[in-house]
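Asks: Numbering (my numbering), first residue to last: 8 to 198.
Cβ coordinates follow ideal geometry from the N, Cα and C atoms, glycine included.
Just so it is clear, the structure is predicted and the values come from calculations on it, not from any experiment.
1. On a Cα-Cα basis, can you pick out the residue from 156, 176 and 153 that is closest to residue 163?
2. Under 8 Å, do residue 131 and residue 65 count as touching if we go by C-beta distance?
3. What is the residue span of the alpha helix (DSSP H) that residue 149 lies within?
4. Is it right to say residue 107 is buried, meaning 16 or more other beta carbons lie within 10 angstroms of its own, or is it exposed?
5. Mind checking who residue 76 pairs with in its DSSP beta bridge?
6. According to DSSP, what are the bridge partners of residue 183?
7. Determine the closest residue to residue 97 out of 116, 90 and 136, with distance taken between C-alpha atoms.
8. Per the DSSP calculation, residue 173 is bridged to which residue(s)?
9. Okay, do the segment 74-82 and the segment 51-63 touch, 3+ Cβ pairs below 8 Å being the bar?
10. Where do the ends of the alpha helix (DSSP H) carrying residue 49 lie?
11. Suppose the cutoff is 6 Å on Cβ atoms and the five residues either side in sequence are ignored; what does the same chain contact list for residue 165 look like?
12. State the Cα-Cα distance for the pair residue 94 and residue 63, rounded to the nearest angstrom.
13. Excluding the 5 residues flanking residue 135 on each side, which residues of the same chain have their C-beta closer than 8 Å to its C-beta?
14. Could you check if residue 120 is buried or exposed, using at least 16 other CB atoms within 10 Å of its CB as the buried criterion?
15. For a test of the three-state rule: what should DSSP assign to residue 195, helix, strand or coil?
16. Given that a residue counts as buried once 16 or more other Cβ atoms are within 10 Å of its Cβ, and exposed if not, what is residue 58?
17. Grouping DSSP H, G and I as helix and E and B as strand, with all else coil, what is residue 88?
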């Protein structure tokens, strides 16, 4: 009788170990985003904004973006940000690159038409939150299936007549494209 109780207890213990979720006591966590999250768009924007205002005092952000591509199977360790600023008074556009915290003007030109700009004061969702939303909404699966994927993250006005900022995250691998758009104001997924 004691032997039967011992075997039943052993089977129960093995069954509990087999069914347990692991040492954390919860579901296993999703893998970390492999893309560099630093510097954030906001951090790089501070440097770009100073340079843009030195260029034209009324310079406004038209868009900003970062692009990542694997090199020899590895993602880069740092994000390089590109900023487009438009000056309504001069009708000119300037493109700045911010790398390692330093802004550099790449190009300046007369714009053939007025460019939409986004409302800086409404920009509340920074790049890490945008990437996390993309990652959770299928970005992780896309990158797992496509080792050759390139990823672009862009903040821009919602439309030419709507200056609310919105994030567009795009992953491309061959002919496969995965896009997620979220509000730069509150982080809500956009249709």
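Replies: According to the data block:
1. Answer by Cα proximity: 176.
2. Taking 8 Å as the cut-off, the Cβ atoms of residue 131 and residue 65 do not count as close.
3. Looking at the DSSP string, the run of the alpha helix (DSSP H) that includes residue 149 is 147-152.
4. Under this definition residue 107 is an exposed residue.
5. For residue 76, which the question treats as bridged, DSSP gives the partners 157.
6. Per DSSP, 180.
7. Per the C-alpha coordinates, the member of 116, 90 and 136 positioned closest to residue 97 is 116.
8. Residue 173 is bridged to 163 and 190.
9. No contact exists between the segment 74-82 and the segment 51-63.
10. Segment 48-62, the alpha helix (DSSP H) holding residue 49.
11. These residues qualify, in order along the chain: 171 and 173.
12. CA-CA distance, residue 94 to residue 63, rounds to 6 Å.
13. Excluding positions up to five away in sequence, the list reads 44 and 47.
14. The residue is exposed, with fewer than 16 neighbouring Cβ atoms inside 10 Å.
15. In the structure shown, residue 195 sits in coil (DSSP, three-state: anything other than H, G, I, E or B).
16. Counting the other CB atoms within 10 Å of its CB gives residue 58 a total of 16 or more, which places it among the buried residues.
17. Looking at residue 88 - three-state DSSP - the assignment turns out to be strand.
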